[in-house]
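> In UniProt numbering, the protein residues as written are 1 to 277.
The beta-carbon is built from N, C-alpha and C at its ideal position, and this holds for glycine as well.
Quick caveat: nothing in here was measured; it's all calculated off a predicted structure.
Before anything else, here's the structure in question.
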């Protein structure tokens, strides 16, 4: 998948929402015309709200399609990397979140080619609650289960049970690699304590209150494993990512295992906190 394909998927969902709102708009007008209603003011307000929201959705979808086209035109096909680039070999990548019925987090090269992604596994018991808990910022209380695809042959699993339980990272053999723990009063400050498979603290994810700048800090020497700047665009890829995203800089001296843990901690934060893009 390329970046503009993700943008077009987002635009398609805006079009669908616009269609639903406009149909509701027409139904409300029909009810006003052909039935005897008591509260005219309510229906007039409903019609105005649905009409404005529907047309706003169409405008948003058209704008996303335009930006996707501009992004596609900014990079020649020959400049795109496909199977040769691996996430763990990159020093800088872009991350974009996709939310609908389930969460996905995509990782792109600066030329817009997706090289890895994490996808939430279907949880039908709680699917209907997702819009409400997202608005109330209570998603951290729900169980979560992500499959993190590093490549076509390598994936990891990030899982959390119901309540304020830790995120646990598993390898393909279902062996525990790391645990991401937190205290309830630290969630607002976006702090996750990273422990190895033996329960020893090895790093700390610190996003402060707003999450504009996130670091994964080594427990021993205080060095950065990974840095995330949210809502930005790299200078070398401004045309490719006109809407911005999460700029992720990775310390190349890290072991592959710690790089996987660092990326998984970013996925964990994305799962319950709406970072700016």
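In three-state DSSP terms, what is residue 152?
By one-based count along the chain shown, residue 152 stands at place 152. Coil.
> Compare the C-alpha of residue 152 against each of 22, 21 and 87 and name the closest.
As a first step, residue 152 is located in the chain shown; it is residue number 152 there, counting from the start. Looking at the Cα atoms, 87 is the closest of the given residues.
> Please report the Cβ distance between residue 247 and residue 266, rounded to the nearest whole angstrom; I am assuming they are in contact, meaning their Cβ atoms lie under 8 Å.
Mapped onto the chain shown, residue 247 falls at position 247. Mapped onto the chain shown, residue 266 falls at position 266. Incorrect: roughly 12 Å between the Cβ atoms, too far for contact.
> Flag this pair as touching only if the segment 214-233 and the segment 156-165 have three or more C-beta atom pairs under 8 Å; answer yes or no.
At 8 Å Cβ cutoff, the stretches do not touch.
> Using a 10 Å radius around the Cβ and a threshold of 16 neighbouring Cβ atoms, would you call residue 207 buried or exposed?
Position 207 of the chain shown holds residue 207. Counting Cβ neighbours within 10 Å, residue 207 comes out buried, since at least 16 surround it.
> Measure the C-alpha to C-alpha separation of residue 22 and residue 257 and round it to an integer number of angstroms.
The sequence position of residue 22 within the chain shown is 22, counting from 1. The sequence position of residue 257 within the chain shown is 257, counting from 1. Distance between the alpha carbons of residue 22 and residue 257: 50 Å.
> Determine the burial state of residue 19: buried for a count of at least 16 other Cβ atoms within 10 Å of its Cβ, exposed for fewer.
Position 19 of the chain shown, counting from 1, holds the residue named residue 19. Answer is exposed; the Cβ neighbour count stays below 16.
> What residues in its chain sit with their C-beta under 6 Å from that of residue 60, if we drop five residues either side in the sequence?
Within the chain shown, numbered from 1, the residue matching residue 60 stands at position 60. Here the set comprises 14.
> Below 8 Å on the Cβ atoms is my contact criterion, and I expect residue 118 with residue 147 to pass it. Report the Cβ-Cβ distance as a whole number of Å.
The residue you call residue 118 lines up with position 118 of the chain shown. The residue you call residue 147 lines up with position 147 of the chain shown. With a Cβ gap of about 7 Å, residue 118 and residue 147 count as contacting.
> At the level of alpha carbons, what is the spacing between residue 191 and residue 253?
As a working mapping, residue 191 is identified with position 191 in the chain shown. As a working mapping, residue 253 is identified with position 253 in the chain shown. The alpha-carbon atoms of residue 191 and residue 253 are separated by roughly 23 Å.
> Return the residue from the list 175, 218, 138 and 56 that minimises the CA-CA distance to residue 156.
In the chain shown, the residue the question calls residue 156 occupies position 156. Answer by Cα proximity: 175.
> What are the start and end residues of each continuous beta strand (DSSP E) run of 3 or more residues lying completely inside the segment 152-209, in chain order?
Entirely contained in the segment 152-209, the beta strand (DSSP E) runs reaching 3 residues are, in chain order, 155-160, 167-170, 176-181, 191-196 and 201-206.
> Compute the Euclidean distance between the alpha carbons of residue 202 and residue 216, then round it to the nearest angstrom.
Counting from 1 along the chain shown, the entry for residue 202 is found at position 202. Counting from 1 along the chain shown, the entry for residue 216 is found at position 216. Each residue's alpha carbon lies about 10 Å from the other.
> Can you tell me whether residue 224 is helix, strand or coil according to DSSP?
Along the chain shown, read from residue 1 onward, the residue named residue 224 stands at position 224. Correct three-state label for residue 224: strand.
> Under the three-state reduction of DSSP, which class applies to residue 93: helix, strand or coil?
On the chain shown, position 93 is the one that residue 93 refers to. Residue state, collapsed to three classes: strand.
> Going by C-alpha to C-alpha distance, which of 27, 35 and 40 sits closest to residue 50?
The sequence position of residue 50 within the chain shown is 50, counting from 1. Selected option, being the one with the closest Cα: 27.
> Measure the C-alpha to C-alpha separation of residue 221 and residue 17 and round it to an integer number of angstroms.
Position 221 of the chain shown, counting from 1, holds the residue named residue 221. Position 17 of the chain shown, counting from 1, holds the residue named residue 17. Near 49 Å, if we compare the C-alpha coordinates of residue 17 and residue 221.
> Buried or exposed: which applies to residue 211, given that a residue is buried once 16 or more other Cβ atoms fall within 10 Å of its Cβ?
Counting from one through the chain shown, the residue named residue 211 turns up at place 211. Classification for residue 211: buried.
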